[in-house]
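> Can you keep this structure in mind? I'll have questions shortly.
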Amino acid sequence: MQFLKLSVLIFLAIILGPIQVSCACNQHYSALRCITSQYVTGERGQPVLVNCKVQRTTRSGQCNEPGSGQSVARYCCVQEFRPRPDGSVDCAQFLADFKSCVPESQH
């Protein structure tokens, strides 16, 4: 059983890489994450956020350049925050609760 736990932890460490801690984030929201997203026009003409993905920060704590048509923002997250295996998060839920992550400037 311990071998399985250790294997899972090693797998997560390889997938997620090092957890960056920013002095701009507080003790509760201590992990700095970059979230890329894209806005599209919704059914009623309002902007809708789609394609939210978590990126690793660079060694200096910066976000990588977003792809074409995407934006990137820095968020302070709780250490337990984990995206799906492909790095994606549910945009609506992510923005609705702000329990897992908050914008870097608003914590």
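So this note's numbering is basically just the index in the sequence shown, starting at one, shifted up by 618. For glycine and all other residues, C-beta sits at the position ideal for the given N, C-alpha and C.
Going by CA-CA distance only, name the one from P665, T675 and L667 that's closest to Y693.
Taking only the C-alpha atoms, the option nearest Y693 is T675.
> Please give me, in chain order, every unbroken run of the beta strand (DSSP E) with length at least 3 that falls completely inside the stretch 637-704.
Here the runs fully enclosed are 649-659, 665-673 and 689-695.
> Quick check: the Cα distance between R651 and V658, rounded to an integer number of angstroms?
Computed Cα separation, rounded: 23 Å.
> Given this structure, state the Cα-to-Cα distance separating V696 from A649, to the nearest angstrom.
Cα to Cα, the separation comes out at about 6 Å.
> Rounded to a whole number of angstroms, what is the C-alpha to C-alpha distance between V666 and T654?
Between V666 and T654, the C-alpha separation is close to 14 Å.
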